[in-house]
Amino acid sequence: MLFVLPLLISTLSLGYVDESPVDFNRDIRPILSENCFYCHGQDGNKRKADLRLDQKESAFKSGAIVPKDVAKSELVKRIHSDKAVELMPPAKSNRRLSAEQKKLLERWINQGGEYSSHWAFVAPVRPTVPTVKNKSWVRNPIDAFVLAKLETVGLAPSPEADKFTLIKRLSIDLTGLPPTPKEVDDFIADKSEKAYESLVDRLLASKHYGERMALGWLDAARYADSNGFQQDGDT
Numbered sequence: 014m015l016f017v018l019p020l021l022i023s024t025l026s027l028g029y030v031d032e033s034p035v036d037f038n039r040d041i042r043p044i045l046s047e048n049c050f051y052c053h054g055q056d057g058n059k060r061k062a063d064l065r066l067d068q069k070e071s072a073f074k075s076g077a078i079v080p081k082d083v084a085k086s087e088l089v090k091r092i093h094s095d096k097a098v099e100l101m102p103p104a105k106s107n108r109r110l111s112a113e114q115k116k117l118l119e120r121w122i123n124q125g126g127e128y129s130s131h132w133a134f135v136a137p138v139r140p141t142v143p144t145v146k147n148k149s150w151v152r153n154p155i156d157a158f159v160l161a162k163l164e165t166v167g168l169a170p171s172p173e174a175d176k177f178t179l180i181k182r183l184s185i186d187l188t189g190l191p192p193t194p195k196e197v198d199d200f201i202a203d204k205s206e207k208a209y210e211s212l213v214d215r216l217l218a219s220k221h222y223g224e225r226m227a228l229g230w231l232d233a234a235r236y237a238d239s240n241g242f243q244q245d246g247d248t
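Counting in my numbering, the sequence shown runs from 14 upward without gaps.
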């Protein structure tokens, strides 16, 4: 029996087929963009075989993708071909699809090969605020989404942080600097209902917040108070 059980589990594992929905923008577009669009994209000067894989109409009409029919889809044939003249991406491109990427493409075609507009061109849709059990915990719509997910997986929210923890987190997050002892004392002593909101507004109005937000851009631009190759003056 001890021998049969592992064998049975192994057999079941081999027969498992992932049928979860494949998302074009998340799963497929990155593969095609990285490996196919250079020769089969919008640039007509570089396009090969008059084939566009960035457009559904072209991909379907050419037979590169036959919805729900992997066997007839030329794209699948090409990515699995052992002939150099047929293999895609071509060997000279120095690009290779992984086994997982090939399976994703096949699953996508089996599920209909549907294209989706780039996320930047999809109009945002306001979602319906979920209903939760612990309504007293919700202070704004974002809380409802957070709590709904927690309730779904059977988790309870963490206890509310004390005021010292709140000002420390806020100050470091928004300005990159720890609060001064006086700022801590003033916040703890403020018993008004808007104490937290007032602290947020004060930190957002601080010049240190601007410096904090600009730091990433300055790093990206390799900014330094230096001419690099010259002798610098006093700073």
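Even glycine gets a Cβ: it sits at the ideal position worked out from N, Cα and C. All of these numbers come straight from a predicted model, not from anything done at the bench.
If I'm right that L276 touches Y209 with Cβ under 8 Å, what's the distance once you round it to whole angstroms? A question about residue 276 goes unanswered here, because the residues of the chain that appear run from 14 up to 248.
Excluding the 5 residues preceding and the 5 following L15 in the sequence, name in chain order all residues of the same chain whose CB lies nearer than 8 Å to its CB. For the purposes of this step, residue 15 is taken as residue 2 along the sequence shown, with counting starting at 1. Residue confidence for L15 is low, a pLDDT of 46 falling below 50, so the modelled location carries little weight and cannot support an answer.
Alpha helix (DSSP H) segment containing D199, residue limits: Numbered from its first residue, the sequence shown carries residue 199 at position 186. Segment 194 to 202, the alpha helix (DSSP H) holding D199.
Closer than 7 Å to a non-hydrogen atom of the ligand MG - does that hold for the CB of V89? Looking at this structure, you won't find the ligand MG or any other ligand, since it has none at all.
Closest by C-alpha distance to S33, when choosing among N123, K204, P194, E173: Here residue 33 corresponds to residue number 20 of the sequence shown, with the count starting at 1. For S33, the nearest C-alpha among the options comes from N123.
Endpoints, the alpha helix (DSSP H) within which T188 is located: Position 175 of the sequence shown holds residue 188. Unbroken alpha helix (DSSP H) run through T188: 176 to 188.
Cβ distance (whole Å) where V135 is taken to contact A161 below 8 Å: In the sequence shown, the residue the question calls residue 135 occupies position 122. In the sequence shown, the residue the question calls residue 161 occupies position 148. 23 Å between Cβ atoms; not a contact.
Cβ shell of L10 (< 6 Å), same chain only, five flanking positions each side left out: Since the first residue shown for the chain is 14 and the last is 248, residue 10 is missing from the structure and cannot be characterised.
Once the 5 residues before and after K85 are set aside, which same chain residues still bring their CB inside 8 Å of it? Position 72 of the sequence shown holds residue 85. Closer than 8 Å at Cβ, skipping near neighbours: G76, V79.
Less than 7 Å between C-beta atoms, sequence neighbours within five positions excluded: which residues of the same chain meet that for L183? To locate residue 183, count along the sequence shown from 1; it is residue 170. If the five residues before and after L183 are omitted, its C-beta is found closer than 7 Å to the C-beta atoms of L212, V213, L216, all from its own chain and listed in chain order.
Tell me the rounded alpha-carbon separation between S46 and P102. In the sequence shown, counting from the first residue as 1, residue 46 sits at position 33. In the sequence shown, counting from the first residue as 1, residue 102 sits at position 89. Taking the straight line from one Cα to the other gives about 12 Å.
Taking L168 as the reference, give the member of I155, K74, N147, A233 with the closest Cα. Walking along the sequence shown from the start, residue 168 turns up at place 155. The residue with the shortest Cα to Cα distance from L168 is N147.
Check whether L117 and I44 have beta carbons under 8 Å apart: Counting from 1 along the sequence shown, the entry for residue 117 is found at position 104. Counting from 1 along the sequence shown, the entry for residue 44 is found at position 31. Yes.
Report all residues from its chain with a CB closer than 7 Å to the CB of L190; omit the five preceding and five following residues, and keep chain order. What you label residue 190 is simply residue 177 of the sequence shown in a count that begins at 1. Taking C-beta separations shorter than 7 Å and ignoring five residues to either side along the sequence, the partners of L190 in its chain run S184, H221, following chain order.
Would you say L88 reaches chain C, if we count a Cβ-Cβ gap shorter than 8 Å as a contact? In summary, chain C is missing from the structure at hand, where a single protein chain is found.
Restricting to Cα atoms, I'd like to know which of R65, F177, T188, L187 is closest to V197. Residue mapping note: residue 197 aligns to position 184 of the sequence shown, counting from 1. Comparing Cα positions, the closest option is F177.
On the DSSP letters alone, give me the boundaries of the alpha helix (DSSP H) that R215 sits inside. Here residue 215 corresponds to residue number 202 of the sequence shown, with the count starting at 1. 208 to 217 is the extent of the alpha helix (DSSP H) around R215.
Does DSSP put H53 in a helix, a strand or coil? As a working note, residue 53 is residue 40 in the sequence shown. H53: helix per DSSP, three-state reduction.
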